[in-house]
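Quick notes on the structure that follows.
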Amino acid sequence: MASTVTAVRPADRSDRPTRRSGAGVGHVLDVAEATFDLLTRGPAPLSVDGAALGHGLPARVIALDEVRAILLHPSTGQQARDAVWRELVLRARHQGSSWVMGCVGVALPGLKGIVRNRLRGLESDPGAGTSRVAGDLLSAFCEALHDIDLEQPRISQRLVGRSAKAVQRAYHWHAQVIPVDPSTLARVNPADSSEGHVDLLLESAVRQDVITSFEAEIITLTRLEGVNLGDLGERLGMSYAALVKRRSRAEKRLVAAMRDGGLRDDFASLMSKTGV
Numbered sequence: 000m001a002s003t004v005t006a007v008r009p010a011d012r013s014d015r016p017t018r019r020s021g022a023g024v025g026h027v028l029d030v031a032e033a034t035f036d037l038l039t040r041g042p043a044p045l046s047v048d049g050a051a052l053g054h055g056l057p058a059r060v061i062a063l064d065e066v067r068a069i070l071l072h073p074s075t076g077q078q079a080r081d082a083v084w085r086e087l088v089l090r091a092r093h094q095g096s097s098w099v100m101g102c103v104g105v106a107l108p109g110l111k112g113i114v115r116n117r118l119r120g121l122e123s124d125p126g127a128g129t130s131r132v133a134g135d136l137l138s139a140f141c142e143a144l145h146d147i148d149l150e151q152p153r154i155s156q157r158l159v160g161r162s163a164k165a166v167q168r169a170y171h172w173h174a175q176v177i178p179v180d181p182s183t184l185a186r187v188n189p190a191d192s193s194e195g196h197v198d199l200l201l202e203s204a205v206r207q208d209v210i211t212s213f214e215a216e217i218i219t220l221t222r223l224e225g226v227n228l229g230d231l232g233e234r235l236g237m238s239y240a241a242l243v244k245r246r247s248r249a250e251k252r253l254v255a256a257m258r259d260g261g262l263r264d265d266f267a268s269l270m271s272k273t274g275v
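The following block contains the structure:
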């Protein structure tokens, strides 16, 4: 039986003053937060049905500000997080801009952390800097909502990570095309600047049906992000041996494809299309 997720209610914001007409627009993330605040106010806030979603979520209608608090709580499991995000993304795809902003609002803690820790300094203009980068991140996030694979785990992490990578690529005007041999992935330092090239290589391999998106995710998590294979197997419901075999076969196909030169050509083409 799934453990019950602790219900975490955000502070009551019903008496907060709204932004005054004519006031400054402020940072784009502040605007996103204010919009999310408005969408979760009143008699009909954006909400999901916890009973229908299951996985130990409170069995009632849950407004999205409370959903965000629940997802941030350590007692919430990955299956519950993915169930919620699957519902949010589907609503964003089929029910319009309010739900797109609802997704942005629920993801804001992660998006703010990305801007603060990973994207800081990409924009050199001190007058626009962080807000411009954050705006590009939100745009990339909204685009990712339309085609992120909802059948794979870690939906929110992949949404935020993919959006951050898109922004980084847009700002890295002088990056070099460096073909990466996947047999050396185990020795790649996650902090090394070549990580983005490896990600592009894996995306190219998925596009050419050399490996699946699931196999690319396994390689990314275990080779680049340092996730333990045993821990990942438990999260995915796979045995350690099966996971090792799946990754090994995928990497062998990558090596074979690279020796044929196909992935290198596609990789270079992709880089040129991004203006690099």
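Going by numbering that gives the first Met the number 0, the sequence shown opens with residue 0, and the numbers climb by one from there. We put the beta carbon where it would ideally sit given N, CA and C, even for glycine.
- Taken through DSSP and simplified to helix, strand or coil, Ser155 comes out as helix.
- For Glu142, the closest of Ser46, Val47, Ala165 by C-alpha to C-alpha distance is Ala165.
- The DSSP-derived three-state label of Ile61 is strand.
- For Asn227, there are no CB contacts under 6 Å within the same chain when 5 residues up- and downstream are skipped.
- In this structure, DSSP gives Val114 a helical state, which the three-state scheme calls helix.
- Leu45 and Arg67 have their alpha carbons spaced roughly 12 Å apart.
- Counting along the chain, Ser46 sits inside no alpha helix (DSSP H); it lies in the beta strand (DSSP E) bounded by residues 46 to 48.
- Residue Ser97 holds the alpha-carbon nearest to the alpha-carbon of Thr39 among Leu28, Trp84, Ser97.
- For Ile147, the CB contacts under 8 Å within the same chain, skipping 5 residues up- and downstream, are Val88, Ile154, Arg157, Leu158, Arg161 in chain order.
- Taking a contact to require three or more Cβ pairs closer than 8 Å, the region 127 to 137 and the region 76 to 96 do not qualify as touching.
- In the assembly as shown, Val209 is a buried residue. Its beta-carbon has 16 or more other beta-carbons within 10 Å.
- Exclusion of the five residues before and after Gly49 leaves Leu56, Pro57, Ala58, Arg59, Ile61 as the residues of its chain whose Cβ lies within less than 6 Å of its Cβ.
- Glu216: member of the alpha helix (DSSP H) spanning 212 to 218, first to last residue.
- For the 9 Å CB-CB criterion, Leu107 and Leu28 form a contact.
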